[in-house]
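Here the structure is laid out as structure tokens; the discussion comes afterwards.
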């Protein structure tokens, strides 16, 4: 079965610093999703990547999927306290509503 | 649209009690799923449904039942609550995908925080 490994598990950065979160799959990814979760709340969709080499950006967050479609990275530029939360990558192993998720990366941004 | 709604938001049960977590969506999505979230383990799929009358097991189905009599509703039943079922439960829905391309984002409800003592 497919597994997703996120790194690092937790991250504390100073406001204004850049950071990267990685998501590695044991199998080829056919759809990679990034979600953000604020403490005690539901998941907010950030981006979805499907094609090898694809890159998407939204405000100061950029996500990439490598050419081999087994690794994705999420990069935050000039982090702000509003970026704090748990970032989860999810992948669809097939054409269904079944997503598997990484264990999450907890981000703290110190003002 | 209300999106995906879940009730209750919080629940405390005693071991052995049963209860139903409610989930509803108003987006006419074919797919609905139940996940549980535990510290350090991300989200794990409990059960999912690809349409009314069709359900299947996910990664951690034991101790839970589901049914899908309508497109809108997907309740999760705990038959005999155990402390190991203390968790945060999320319901999600998305449109069906056709072929390998065309994955659609899953919309998540706000979650139900369940404690079993």
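Protein chains in written order, with this note's numbering: chain A, 56 to 166; chain B, 323 to 439. In this text, a Cβ means the ideal position worked out from N, Cα and C, and glycines have one as well.
In the three-state scheme derived from DSSP, where H, G and I count as helix and E and B as strand, residue 138 of chain A is classed as helix. The C-alpha of residue 145 of chain A lies about 26 Å from the C-alpha of residue 437 of chain B. For residue 88 of chain A, the nearest CB of chain B lies under 8 Å from its own CB, placing it at the interface with that chain. Taking 8 Å as the CB threshold, residue 123 of chain A stays off the interface with chain B. Residues of the segment 357-373 of chain B that bring their beta carbon within less than 7 Å of a beta carbon in chain A comprise 362, 363, 364, 365, 367, 370, 372, in sequence order. Residue 382 of chain B and residue 118 of chain A have their C-alpha atoms some 30 Å from each other.
If you draw a 10 Å sphere on the C-beta of residue 92 of chain A, you find 16 or more other C-beta atoms in it, and that means buried. Chain B places no beta carbon closer than 8 Å to that of residue 163 of chain A, leaving this residue out of the contacts. Contact annotation: the segment 371-387 of chain B does not touch the segment 124-133 of chain A, with fewer than three C-beta pairs closer than 8 Å. Residues of chain A with a Cβ closer than 9 Å to the Cβ of residue 385 of chain B do not exist, since the nearest Cβ in that chain sits about 19 Å away. Contact annotation: residue 409 of chain B and residue 347 of chain B have beta-carbon atoms that are not nearer than 8 Å. Annotation: residue 337 of chain B to residue 426 of chain B spans about 38 Å, alpha carbon to alpha carbon. When beta bridges are read from the DSSP output, residue 111 of chain A appears opposite A:118. Partner residues in the beta bridge of residue 435 of chain B, as assigned by DSSP, are B:332, B:410. Scanning its chain for C-beta atoms nearer than 6 Å, with the 5 sequence neighbours on each side dropped, one finds around residue 342 of chain B the residues 397, 399, in chain order.
Under the 8 Å Cβ criterion, the segment 81-90 of chain A counts as touching the segment 107-127 of chain A, having at least three qualifying pairs. For residue 113 of chain A and residue 101 of chain A, the gap between their C-alpha atoms comes out near 8 Å.
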